[in-house]
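Read the structure below first, then the notes.
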Amino acid sequence: MALQKTQHMFPFSRFTRYFLEVTQHRSIRRAAEVLHVSASAIDRQILKVEEELGVPLFERLPSGLRLTSAGELVLANARQWQKEYARTREQIDEMQGLRRGHIDIGLIDALSEGMVAEAVSTLMQQNPGFTFGIKVADSQNVAKMIASADVDFGFVLDAVAGAELSVTASTVIKMGVAMPTSHPLAGRKTLRLSDTQDETVIFPAAPLVVQKHVHALHDHLRLDVRQRVTCNDLRMMRSLIRAGVGVGILSWLDVASEVEAQTIAFVPLDGIHVSHPVLSICVAPHRQLSRAALMALSDLQKRMADLMRS
1 MALQKTQHMF PFSRFTRYFL EVTQHRSIRR AAEVLHVSAS AIDRQILKVE EELGVPLFER
61 LPSGLRLTSA GELVLANARQ WQKEYARTRE QIDEMQGLRR GHIDIGLIDA LSEGMVAEAV
121 STLMQQNPGF TFGIKVADSQ NVAKMIASAD VDFGFVLDAV AGAELSVTAS TVIKMGVAMP
181 TSHPLAGRKT LRLSDTQDET VIFPAAPLVV QKHVHALHDH LRLDVRQRVT CNDLRMMRSL
241 IRAGVGVGIL SWLDVASEVE AQTIAFVPLD GIHVSHPVLS ICVAPHRQLS RAALMALSDL
301 QKRMADLMRS
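Note that UniProt numbering gives residue 256 to position 256 of the sequence shown, counting from 1, and the numbers run on in steps of one.
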């Protein structure tokens with residue numbers, strides 16, 4: 001009976017908030033700092049629920065707190081109840097004609113500037129009741145967030161549609177050579193990878209999705225560049241290019257903001273062996289999106305189409 005009482009309490013109680021924060025930080029003290037409450041208040045809530053359930057939710061270890069099997073079960077249910085409660089509130093708001101809603105979006109790093117930020121700004125101006133959660137990760141982890149419903153939808157490179165992922169819109173992203181605007185090759189309309197043979201070339205490394213496209217092309221052509229630098233972080237690659245270290249082999253999306261600001265030049269790669277990544281907006285199959293999430297999804301689908309036409 002106590003378990004049933006606790007279940008009804010979770011979506012509305014302090015315990016859910018405290019429990020999720022402690023789980024994230026593996027520390028009551030750190031959770032207390034984030035929530036601006038006393039550590040003893042959090043500890044009391046957790047101990048109370050542990051007593052009601054008759055099992056510990058955490059193992060108290062020198063390295064921090066670790067969920068027990070019972071704690072893992074409570075965590076999964078707490079997250080699900082939290083989502084259901086948020087969805088219920090959105091549905092009630094929709095019934096009342098209120099333009100409210102929360103939208104969670106998963107992004108790859110290459111989209112951390114530009115159209116998504118612009119879309120969020122516009123949507124929040126038009127709908128003051130909208131709130132957003134933006135989660136930036138590599139493409140593989142964005143796909144996992146979509147499949148587990150941690151986000152409403154997300155942007156994935158080279159997505160594979162299947163039981164856990166449904167593609168709603170896609171566009172091909174050109175691969176090319178990124179370089180300082182003063183570079184002699186910057187005025188060319190297209191380049192072949194062989195044109196960089198006498199340059200210091202900055203290659204993307206795993207886990208960057210473009211790495212597999214560059215690696216396959218480089219191996220096929222068997223080019224021996226004069227000097228090379230490898231890097232697994234886009235921001236660092238852009239910094240190296242701006243500093244004149246060399247030219248980078250990247251996708252247009254990776255340097256779109258810099259090209260617009262005229263701090264980096266980008267020349268598309270040409271050749272029958274060049275493969276280009278595909279950017280997709282994905283959702284979980286059979287996921288019922290809220291009205292707010294559908295509005296955001298539609299807006300970003302249009303922006304992505306317009307972006308690639310420009």
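Note that beta-carbon positions come from the ideal geometry of N, C-alpha and C, so glycine has one too.
Using C-beta distances below 6 Å, list every residue in its chain close to F132, excluding the 5 sequence neighbours before and after it, in chain order.
Reading the sequence shown from its first residue, position 132 is the one you call residue 132. Around F132: I103, V120.
Which runs of the beta strand (DSSP E) at least 3 residues long sit entirely within the segment 92-165? Give them in chain order.
100-107, 129-136, 153-157
Between the CA atoms of L208 and D233 - distance to the nearest angstrom
As a position in the sequence shown, residue 233 is number 233, starting the count at 1. As a position in the sequence shown, residue 208 is number 208, starting the count at 1. Rounded to whole angstroms, D233 to L208 spans 8 Å at the Cα level.
According to DSSP, is R14 part of a helix, a strand, or is it coil?
Here residue 14 refers to the residue found at position 14 when the sequence shown is read from its first residue. Helix, per DSSP.
Pick out whichever of E52, S69, E90, L111 has its Cα sitting closest to the Cα of M304.
Within the sequence shown, the letter at position 304 stands for residue 304. Considering only alpha carbons, the answer is L111.
Count the other CB atoms within 10 Å of the CB of S280; is the residue buried (16 or more) or exposed (fewer)?
Start at 1 with the first residue of the sequence shown, and residue 280 comes out as number 280. The residue is buried, with at least 16 neighbouring Cβ atoms inside 10 Å.
With H, G and I counted as helix, E and B as strand and the rest as coil, what does DSSP make of V172?
Looking up residue 172 in the sequence shown gives position 172. Strand at V172.
Using the C-alpha atoms, what's the distance from V156 back to S290?
To locate residue 290, count along the sequence shown from 1; it is residue 290. To locate residue 156, count along the sequence shown from 1; it is residue 156. Cα-Cα distance, rounded: 21 Å.
By a C-beta neighbour count over all protein chains shown, 10 Å radius and 16 as the cutoff for buried, is D254 buried or exposed?
For the purposes of this step, residue 254 is identified with residue 254 of the sequence shown, where counting begins at 1. Buried.
So, at 6 Å on beta carbons, what are the nonlocal neighbours of P180 in its own chain, with the 5 sequence-adjacent residues on each side left out?
The residue given as residue 180 occupies position 180 in the sequence shown. Result list for P180: G244, in chain order.
From the DSSP output, read off the bridge partner residues of I281.
Here residue 281 is taken as the residue at index 281 of the sequence shown, counted from 1. DSSP output for I281 lists F155, A169 as bridge partner(s).
May I ask you to report which of helix, strand or coil DSSP gives R287?
Within the sequence shown, the letter at position 287 stands for residue 287. In the structure shown, R287 sits in coil (DSSP, three-state: anything other than H, G, I, E or B).
Looking only at its own chain, which residues have a Cβ that is under 6 Å from the Cβ of G248, when we skip the five neighbours before and after it?
By 1-based counting over the sequence shown, the position of residue 248 is 248. The answer, listed in chain order, is A178, I202, M237, I241.
Should K302 go down as buried or exposed, given a rule of 16 or more other Cβ atoms within 10 Å for buried?
For this step, residue 302 is matched to residue 302 along the sequence shown. Per the 10 Å Cβ criterion, exposed.
Out of curiosity, what's the CA-to-CA distance linking M295 and T200?
If you number the sequence shown from 1, residue 295 lands on position 295. If you number the sequence shown from 1, residue 200 lands on position 200. Whole-angstrom Cα-Cα distance: 45 Å.
From which residue to which residue does the beta strand (DSSP E) around L67 run?
Here residue 67 is taken as the residue at index 67 of the sequence shown, counted from 1. Per DSSP, L67 belongs to the beta strand (DSSP E) from 64-67.
State the DSSP-derived secondary structure class of M1, mapped to helix, strand or coil.
Counting from 1 along the sequence shown, the entry for residue 1 is found at position 1. Confidence in M1 is poor, its pLDDT being 33 and thus under 50, which makes the residue's placement too unreliable to answer from.
CA-to-CA distance, I134 to L107, given in whole angstroms
For the purposes of this step, residue 107 is identified with residue 107 of the sequence shown, where counting begins at 1. For the purposes of this step, residue 134 is identified with residue 134 of the sequence shown, where counting begins at 1. Cα-Cα distance, rounded: 7 Å.
Opposing strand residues paired with E59 [DSSP bridges]:
Sequence index remark: in the sequence shown, residue 59 carries index 59 (1-based). For E59, which the question treats as bridged, DSSP gives the partners R66.
In whole angstroms, give me the CA-to-CA distance for N127 and V274.
Along the sequence shown, read from residue 1 onward, the residue named residue 127 stands at position 127. Along the sequence shown, read from residue 1 onward, the residue named residue 274 stands at position 274. Their backbone Cα atoms lie some 43 Å apart in a straight line.
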